[in-house]
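Here the structure is laid out as structure tokens; the discussion comes afterwards.
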Amino acid sequence: MARLNPPVKSTSPVRVNLPVFLCSSLLILLMGLVTILYPTASQLWLARAQTSVTAVRSNVLAL
Numbered sequence: 001m002a003r004l005n006p007p008v009k010s011t012s013p014v015r016v017n018l019p020v021f022l023c024s025s026l027l028i029l030l031m032g033l034v035t036i037l038y039p040t041a042s043q044l045w046l047a048r049a050q051t052s053v054t055a056v057r058s059n060v061l062a063l
């Protein structure tokens, strides 16, 4: 029978890099608002992004 080790308590608190957190939160909020306010344009932009990522991936896999 396997013996389980007890969980280790960390003595140092988790630190958040505030500028990175705020910037990423702002970008997520902006993306959500653009998607809600401009659904047709967002559909086109996201389709283009997906097409370009797929093209790059297929080129990399072809190497």
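Each residue of the sequence shown is one higher than the one before, starting from 1 at the first, in full-length UniProt numbering.
Here a beta-carbon is modelled for each residue, glycine too, at the ideal position from N, C-alpha and C.
As the structure is a computational prediction, the values presented were derived from the model and not from experiment.
Straight-line Cα distance separating residue j from residue i
i, j, result
"P19", "L26", "11 Å"
"V14", "F21", "13 Å"
"S58", "N5", "45 Å"
"G32", "L46", "12 Å"
"V56", "A49", "11 Å"
Cβ separation of residue i and residue j, assumed to be a contact under 8 Å, to the nearest whole Å
i, j, result
"S42", "V53", "The Cβ separation is near 16 Å, so there is no contact."
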